[in-house]
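Following: one structure in structure tokens, then a few remarks.
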Amino acid sequence: EGFDAKVWLIDRTWVDDSGSGAHVTLSHTSPDGDEGFPGSLTAKVTYSWIGNPTESNYRLGIKWEATCDKTSVVNLTNHSYFNLCGVQTASQVLDTHTVTLNCSRWTEVDND
Numbered sequence: 083e084g085f086d087a088k089v090w091l092i093d094r095t096w097v098d099d100s101g102s103g104a105h106v107t108l109s110h111t112s113p114d115g116d117e118g119f120p121g122s123l124t125a126k127v128t129y130s131w132i133g134n135p136t137e138s139n140y141r142l143g144i145k146w147e148a149t150c151d152k153t154s155v156v157n158l159t160n161h162s163y164f165n166l167c168g169v170q171t172a173s174q175v176l177d178t179h180t181v182t183l184n185c186s187r188w189t190e191v192d193n194d
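Structure representation (structure tokens):
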């Protein structure tokens, strides 16, 4: 089934005191033995919309966390898709966008 098919709970929502960011934290607890994995695992994801409202300069932040009461494996990721152009230009192709990856390493893939 996967975590994508589960109903996640809203743990917390908040706006920064400065008004420069809005955040929501969602959580899901997978019971011991769920899908063959040991331990009760609690996963959390926080989505943050951070920026400067006076400059209309925003960025999306995604932070994953997980804890488990037994030795287990977990590999959380995000596969959301966003229309970066807005409603008026929804047909614009993705090769006109610029994506910045805030990381020191990445894995290149080919068509296979």
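So for the sequence shown, the numbering used here puts the first residue at 83; every next one is plus one.
By construction, the Cβ of each residue, glycine as well, lies at the ideal position given by its N, Cα and C atoms.
DSSP places SER109 inside the beta strand (DSSP E), whose first and last residues are 103 to 112. Put simply, of ASP93, VAL89, HIS161, SER112 the residue whose alpha carbon is nearest the alpha carbon of LEU123 is SER112. Taken atom to atom, the span from the alpha-carbon of ARG187 to that of PHE85 is near 26 Å.
A contact between stretches requires three or more CB pairs, one per stretch, nearer than 8 Å, and the region 147 to 158 fails this requirement with the region 131 to 138.
For GLY118, the three-state secondary structure derived from DSSP is helix. If you look at SER130, you'll find it in the beta strand (DSSP E) that goes 123 to 134.
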